[in-house]
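Enquirer: One structure follows; several queries about it will come next.
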Amino acid sequence: MSLRVGVLVSGEGSNLQALIDTVHSEGVVEIVCVGSNNPEAHGLERAREAGIERGVFAASDYGSREERDAALGDWLEQHGVELVVLAGFMELLRPQLVRRLAGRIINIHPSLLPAFPGVHPIEEALDYGVQVMGVTVHFVDEGVDSGPIILQEAFDPVPYSRDIAAVERRVHEIEHRLLPQAVRLVAAGRVRIDPANPRRVIVEEASDGD
Ligand code: GRF
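The end of the sequence shown is residue 259 by the numbering used here, with every number in the run present.
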C-alpha cells in the first residue's frame with residue numbers, strides 16, 4: 050500500500066502539482082488530501098482537478114491559531130495521513146501540532162538553510178549578495194525552517210542580472226525535482242534521524258545504488 054500523504058499549500062501550488070505529476074501519479078504515494086489556510090489558493094484548484102479532497106483552514110475562521118491547528122490535525126488524522134508535506138504553506142504551525150506530527154512533517158524552503166529562513170529568503174539572499182543559492186527539504190520542528198535537513202541542492206552562479214524572476218524560475222525548477230525526490234525517499238523508508246545526533250538525517254543508499 051502506498052504512503053498516505055497530506056499536502057498543505059497557501060498559494061500557487063506548483064510544488065503540489067509536481068508531486069501530483071510524479072510520486073502521486075506513479076502510485077509511490079497517495080495524496081489523500083490537500084489543505085490550505087487560504088480559500089483562494091490556486092493549489093486547491095489543482096487538487097480539485099486531480100480529484101483530491103480539499104479542506105480550508107483559515108485562521109480567521111477559528112478563535113485562535115491553536116484551535117485552527119487542532120482542527121487541521123484532526124482532519125489530517127481522519128484521512129489517515131502518514132506524511133504531511135508543506136509545499137508553500139506560508140504560516141507557522143503551532144508547536145502542539147508540530148509535536149503531534151513529529152517526524153512525519155517536511156517542508157520545502159527556497160534557500161540553503163540555515164541561511165535565510167523565513168518568508169522572503171530569495172529577496173534576502175539577493176540583497177545579501179550571495180553567489181550560491183539553493184533549495185532545502187527538511188523535517189519541520191518547532192522553529193522557523195530550523196528542522197533537520199533531508200536534501201539540499203545548490204545552484205550557481207546566481208544570474209548576474211540578479212533578476213528575481215529568473216532566480217525564482219531556477220528555484221522552482223530545482224524544487225519540482227527535489228521535493229518529489231524527498232517524498233520518494235521517505236516513502237521507501239530510506240530517511241531517518243541519526244540517533245547519535247538528532248540534527249542529522251541519514252539517507253540510506255538504495256540497494257541498486259540509486
Ligand atoms: C516555493 O518556492 C516554496 O519553497 C516556498 O513557497 C513557494 C511555493 O510555491 N515555501 P508553489 O506554491 O509551490 O508554487
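Ideal Cβ positions, reconstructed from N, Cα and C, are used throughout, including at glycine.
1. Please identify the residue among Leu65, Val147, Leu132 and Arg239 whose C-alpha is closest to the C-alpha of Ser256.
2. Between the alpha carbons of Val168 and Gly76, how many angstroms are there, rounded?
3. With DSSP run on the structure shown, which of helix, strand or coil describes Val134?
4. Closer than 7 Å: is that where the CB of Gly55 sits relative to any heavy atom of ligand 1?
5. Give the secondary structure of Arg114 by DSSP, where H, G and I count as helix, E and B as strand, and everything else as coil.
6. Assuming the contact rule is C-beta atoms closer than 8 Å, Val181 and Ile157 should be a hit. Round their C-beta distance to whole Å, please.
7. What does DSSP give as the partner residue(s) for Asn156 in the beta ladder?
8. Here's the rule I'm using: 16 or more other beta-carbon atoms within 10 Å means buried, otherwise exposed. How should Ser113 be labelled?
9. What number of angstroms, rounded off, separates the C-alpha of Leu65 from the C-alpha of Pro229?
10. Go ahead and label Ala214 buried or exposed: buried means 16 or more other beta carbons lie within 10 angstroms of its beta carbon, across all protein chains shown.
Expert: Judging by the given coordinates:
1. Residue mapping note: residue 256 aligns to position 207 of the sequence shown, counting from 1. If we check each option's Cα against that of Ser256, Arg239 comes out closest.
2. The residue given as residue 168 occupies position 119 in the sequence shown. The residue given as residue 76 occupies position 27 in the sequence shown. Straight-line Cα distance between these residues: approximately 32 Å.
3. Position 85 of the sequence shown, counting from 1, holds the residue named residue 134. Reduced to three states, the DSSP call for Val134 is strand.
4. Here residue 55 refers to the residue found at position 6 of the sequence shown. No, Cβ of Gly55 sits at least 7 Å from all heavy atoms of ligand 1.
5. For the purposes of this step, residue 114 is taken as residue 65 along the sequence shown, with counting starting at 1. Note: Arg114 maps to helix in three-state DSSP.
6. In the sequence shown, residue 181 corresponds to position 132, counting from 1. In the sequence shown, residue 157 corresponds to position 108, counting from 1. In fact, because the Cβ distance is near 18 Å, the residues do not count as touching under 8 Å.
7. Sequence index remark: in the sequence shown, residue 156 carries index 107 (1-based). Note: Asn156 sits in a beta bridge opposite Leu135 and His187.
8. By one-based count along the sequence shown, residue 113 stands at place 64. Exposed, by the Cβ-count rule.
9. For the purposes of this step, residue 65 is taken as the residue at position 16 of the sequence shown. For the purposes of this step, residue 229 is taken as the residue at position 180 of the sequence shown. When rounded, the distance between both Cα atoms is 9 Å.
10. For the purposes of this step, residue 214 is taken as the residue at position 165 of the sequence shown. Answer is exposed; the Cβ neighbour count stays below 16.
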